[in-house]
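Engineer: Be aware that the sequence shown starts at 1, since it is given in the numbering used here, and climbs by one per residue.
Glycine included, each C-beta is placed from N, C-alpha and C at the ideal position.
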Amino acid sequence: MNHSLIAAALVAASTPVFAEIDPIVITYESSRLGLNDRQTAQSIDVITREKFEKAGATSLQQALLLVPGLSFALPSSRNNKGDIRFNGAHQKQILVMVDGVPQTDGRNGYPDMAVFNLSNVESIEVIRGNASAQFGSGAVGGVVLIKTLDATSTTTELSMSLGSFGTQSARLFKSSVKESGDTLFVSISGERSDGFDVKTTGNGDADGYKDRGAVMKLGTAFDSGYLQLGLSANQGETEYDDGENEFKNTVVSASFDTSAWRATHSFSSSLKKAVDNNSQTYRLKQHQTEAVYNVAANQIIGVNVLFEDTKDSTLSNDKTSRTSALFGESLFQTDAVNIHVAGRAVTSNSWGQYQVGTVSISRRDGRFSPFINFGNSFRAPTAVDVYGYDGNADSDLLDAVDIPAAADLSPEKGKDLEAGVKIDNGNFQARFSLRGSRLNNAISSGYTGSTFGGVTYSGAAATNVDGTTEIYGFNADLTHRGDFATNRLSVTRSVRTENNTAKTFFPEYTVLAQTQFSLQDLSLNGSLRHESKRTQAYSKVDTFTVADFSASKPITSDVDISLSITNAFDREYLYDNSFNAPRRATTLAAKVRF
């Protein structure tokens, strides 16, 4: 039995019930203590499979847009990377993990979201705010934790969908759970799309994508615990203008759970080949071992060892890195307050040692709970920063198009503070907060003797910038749950400055309105997303608003159908440096269980 579930049960048993609505239990992915949203003041959104399916999401990017304050650097689709940004943090300051494995493209230090297939995702948890003490480097502005499907019952399911631009997908999975506790999960999926021309000044072709993959998990129960072995793989292509990116991802994992501890080991290999860019190859291989011990119901300690290898990439000059971390997390409860504490001590062969910690304090009575979160954070240099980038694949770092290896690099260090109040009055819940963070010695790398994006770079090597980055703003989130409808309204304001210069490539305001109606067996969903204007590296993006709608209904006890419309009112809602955002699209899906 998963020790996080045991911890969750112990915590729940000691916590008084103070509202009609049950608390949201945060899974092992984002809280190894099995906390619920009343025991920590961190801003955590849990997007279950049921939620993103009812919302009509057909890609990971669309599912993530259900999170308040989240946006993408470029229009979000399977045709381009979809770099995540929220609360004023850019993609390098947001950590993405799949089943506990950090994700990246082996080049820039952040993942290409276009290579992830939503069909085998069970849940997505997003922590908005510093989570470095819990998850390590890169979680300066937040973390996205993706959990894939497991065997939870004995069933076989086939799902298919057809959509605009020749988009088709299918998935078949078998889940088996025996009385002995042995489990089996097997899934095969495929997806393709003709796409549309994402660059209006391009060659007029349709930029589509392909993705096929498989997942297998086998678990067996022993008297002493539960062992699970896993294998997942997917590969495909994404097209862009005249070029094509090929990708291939593989993960092999093993975990053993008891009531007292959990041990995991995983090997992952992610490969991306940019056919249109001198056939450059970005590959990252990772070995990760982690062990977590439950000291008490509300306290854990653990150790994590991560070995990263980018030797097969065209950019890394055969470099590797080794990182070890000792971490811990505790929940202290008095009659009046919850105190959630996390800490992490890290050492790396590339950038030395660093320690971080966070503290979350909130009033225990959830009806009206003031809270405060504060701590420090860090981000390690990326492969590009440390080892340079061979821009034209000529085996040197001396040309004008190359990024040279950085000198005198150290981790980006930050401090952050968030204060606010949570209100939980039965059917009505709200969270209001003010937040601010300061980052010192921001990591920088540049092109030697060249001009890129209107900025001229010079010098023999990239070094730390001796300056500060400040991010501040507010969040307001209101939710009302009725007998037949759930409504949510969120408003986020973010401002970012670097060395006292405002950076406007983030939307200053994002507004997200969501509603879900249930009429007998019919579920109706709608969302309205508004982003204020911003200036990107090469162009200006005007204010825009996008409306999405979906409906789902069970035809029989074993058959469900759904219809979703993305960008219902505008055919092309955003124009950015000749990029079109995803156009209006309709998707019809069916799910059959047998």
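1) Can you tell me the Cβ-Cβ gap for S253 and G219, rounded? I've got them flagged as a contact below 8 Å.
2) Helix, strand or coil for L66, going by three-state DSSP, please let me know.
3) Can you look up S159 in the DSSP assignment and give me helix, strand or coil?
4) What is the DSSP secondary structure of S255, reduced to helix, strand or coil?
5) Within 10 angstroms of the Cβ of K311, are there 16 or more other Cβ atoms? Answer buried if so, exposed if not.
6) Mapping DSSP to helix, strand and coil, what is A380?
7) If you compare alpha carbons, which of W261, Q288, T358 is closest to V251?
8) By alpha-carbon positions, which one of T586, S321, V559 ends up nearest to D570?
9) Skipping 5 residues on each side, what residues in its chain have a beta carbon closer than 6 Å to that of A589?
10) Going straight from the alpha carbon of S176 to that of T510, what length do you get?
11) Please go through the same chain and pick out, in chain order, the residues whose beta-carbon is closer than 7 Å to the beta-carbon of S330, but skip the five residues on each side of it.
12) Would you kindly check if the distance between the Cβ of N87 and the Cβ of S377 is under 8 Å?
13) Could you check if Q514 is buried or exposed, using at least 16 other CB atoms within 10 Å of its CB as the buried criterion?
14) Could you tell me if F332 is buried or exposed, where buried requires 16 or more neighbouring beta carbons within 10 angstroms of its beta carbon?
15) Apart from the five residues just before and just after D205, which ones in its own chain have a Cβ nearer than 7 Å to its Cβ?
16) Assuming S132 and V126 make a contact with CB atoms under 8 Å, what is their CB distance in whole Å?
17) Would you verify that the beta carbon of L519 is, or is not, closer than 8 Å to some beta carbon of chain D?
18) Can you grab the Cα-Cα spacing for the pair E412 / L439, in whole Å?
19) Would you grab the beta carbon distance between L284 and E308 for me? Rounded to a whole angstrom, and I think it's under 8 Å.
20) Note down, in chain order, each residue of its chain lying with its Cβ closer than 7 Å to the Cβ of F633, except the 5 sequence neighbours on either side.
21) In the DSSP assignment, what residue or residues form a beta bridge with R38?
22) Verify whether the separation of the beta carbon atoms of G195 and F165 is less than 8 Å.
23) Measuring straight from C-alpha to C-alpha, what distance separates N525 and M97?
24) Can you tell me which of the three DSSP states R367 falls into?
25) Measuring alpha carbon to alpha carbon, tell me which of G328, F432, K174, P554 ends up nearest N294.
26) Can you grab the Cα-Cα spacing for the pair G473 / T183, in whole Å?
27) By Cβ distance, which residues of its chain are closer than 7 Å to L306, with the 5 residues on each side in sequence left out?
28) Starting from R49 and walking both ways along the alpha helix (DSSP H), at which residues does that stretch end?
29) May I have the straight-line CA-CA distance separating Q353 from V337, to the nearest angstrom?
30) What does the Cβ neighbour count give for G426, buried or exposed, with the cut at 16 atoms within 10 Å?
31) Measure how close the beta-carbons of S369 and K422 come, nearest whole angstrom, since I'm counting them as under 8 Å.
32) Ignore the nearest five residues each way along the sequence and tell me which others in S30's own chain have a CB closer than 7 Å to its CB.
33) Here's the rule I'm using: 16 or more other beta-carbon atoms within 10 Å means buried, otherwise exposed. How should G414 be labelled?
34) I'd like to check one pair, E244 with K210: are the Cβ atoms closer than 8 Å?
35) Are the Cβ atoms of I47 and L66 separated by less than 8 Å?
36) Which of the three DSSP states, helix, strand or coil, is assigned to S410?
Structural biologist: A quick look at the data gives this:
1) With 8 Å as the limit, S253 and G219 do not qualify as a contact, their Cβ atoms being about 12 Å apart.
2) coil
3) strand
4) strand
5) exposed
6) coil
7) For V251, the closest alpha carbon among the candidates W261, Q288, T358 is that of Q288.
8) T586
9) S161, S562
10) 43 Å
11) N298, Q299, V341
12) no
13) Around the beta-carbon of Q514, 16 or more other beta-carbon atoms lie within 10 Å, marking it buried.
14) exposed
15) Closer than 7 Å at the Cβ level, and outside the excluded window around D205, lie D197.
16) Wrong, their Cβ atoms sit about 15 Å apart, outside the cutoff.
17) The question asks about chain D, but that chain is absent: this structure has only one protein chain.
18) 7 Å
19) 6 Å
20) Nothing about residue 633 can be read from this structure; the chain reaches only from 1 to 594.
21) According to DSSP, R38 bridges with nothing at all.
22) yes
23) 28 Å
24) coil
25) G328
26) 46 Å
27) Q286, Q288, T323
28) Following the DSSP letters along the chain, one finds R49 inside the alpha helix (DSSP H) bounded by residues 49-54.
29) The straight-line gap from Cα to Cα measures roughly 33 Å.
30) exposed
31) 5 Å
32) The predicted model places S30 with a pLDDT of 48, which falls under 50 and marks its position as unreliable; any figure quoted below should be read in that light. Excluding positions up to five away in sequence, the list reads I44, E125, I127, L145.
33) buried
34) no
35) Here I47 is near L66, since their CB atoms are less than 8 Å apart.
36) coil
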